[in-house]
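Trainee: First, the structure itself, so that you have it in front of you.
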Amino acid sequence: GGTPSVASLEAVNLLFAAMTDVGGDPLDLRAKYLIVPPQYEVEARQLASATMIPNAVNSVNPYAGEIEVVVSSRITGSVWYAAADKEEMAAIVTATLEGQAEPTVSTEEHFRSSNMEMKVEFPNAAAAANYRAIVKVVV
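Given below as structure tokens:
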């Protein structure tokens, strides 16, 4: 547990390193994305970008430039998530209807009032793909 830090991310990566596929072969995953609530944004961004670890003598941050931060106010409580690189193993997959890769925008103008209405439709879905590609960290 713990807030996003070098130590907590190292623990997450050790957990990823211990994961295997159904045949027992290592998955060789590492954290690529930190998905955090707003209260951990500063720590996560520092971890993602600072080349030196604050308050540590001659200590280089091994994760600088290696991870991306996603902040979501939908995450509540004292938790954050680490996800593997989606190119290695997707934790979440998204889909759209065939032929609708972009939103459809429709407009309607009212003759008498000169008001205009707009409607944006973008049929899509998201689903969990692989539970091994994401780790929940409880602080």
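Per our numbering, the very first residue in the sequence shown carries number 224; after that it's consecutive. All C-beta atoms in this analysis are idealised placements derived from N, C-alpha and C, irrespective of residue type, glycine included.
Let me check understanding here. Comparing Cα to Cα, which of E311, E289, A241 and S329 lies closest to S272?
Mentor: Taking the first residue of the sequence shown as 1, we reach residue 272 at position 49. With distances taken between Cα atoms, S272 lies closest to E289.
Trainee: With a threshold of 16 other CB atoms inside 10 Å of the CB of F239, please say whether the residue is buried or exposed.
Mentor: For the purposes of this step, residue 239 is taken as residue 16 along the sequence shown, with counting starting at 1. With 16 or more other Cβ atoms within 10 Å, it is buried.
Trainee: In this structure, how does DSSP classify L257 when only helix, strand and coil are distinguished?
Mentor: Position 34 of the sequence shown, counted from the first residue, corresponds to residue 257. Reduced to three states, the DSSP call for L257 is strand.
Trainee: Going by alpha carbons, who is nearest to V328 out of V343, R335 and V358?
Mentor: To locate residue 328, count along the sequence shown from 1; it is residue 105. Sorting V343, R335 and V358 by C-alpha distance to the C-alpha of V328 places V343 at the top.
Trainee: Considering only the beta carbon of each residue, do Y256 and A306 sit closer than 7 Å?
Mentor: If you number the sequence shown from 1, residue 256 lands on position 33. If you number the sequence shown from 1, residue 306 lands on position 83. Yes, these two residues count as a Cβ contact at 7 Å.
Trainee: In terms of alpha-carbon separation, which member of V245, Y263, R253 and A241 lies closest to V361?
Mentor: By 1-based counting over the sequence shown, the position of residue 361 is 138. That would be Y263, whose Cα lies nearest to the Cα of V361.
Trainee: Over the uninterrupted beta strand (DSSP E) stretch that includes S329, give me the two end residues.
Mentor: Taking the first residue of the sequence shown as position 1, residue 329 is located at position 106. Start and end: T327 to E332.
Trainee: Below 7 Å between beta carbons: does that hold for T226 and E266?
Mentor: Here residue 226 is taken as the residue at index 3 of the sequence shown, counted from 1. Here residue 266 is taken as the residue at index 43 of the sequence shown, counted from 1. For T226 and E266, yes; Cβs fall inside 7 Å.
Trainee: On the CB-based measure, 16 or more other CB atoms within 10 Å of its CB, does V245 come out buried or exposed?
Mentor: Taking the sequence shown and counting its residues from 1, the one referred to as residue 245 is at position 22. With fewer than 16 other Cβ atoms within 10 Å, it is exposed.
Trainee: In its own chain, which residues sit with a C-beta less than 7 Å from the C-beta of A313, not counting the 5 before and 5 after it?
Mentor: Position 90 of the sequence shown holds residue 313. Excluding residues within five positions, the ones whose Cβ falls inside 7 Å are A352, N353 and A356.
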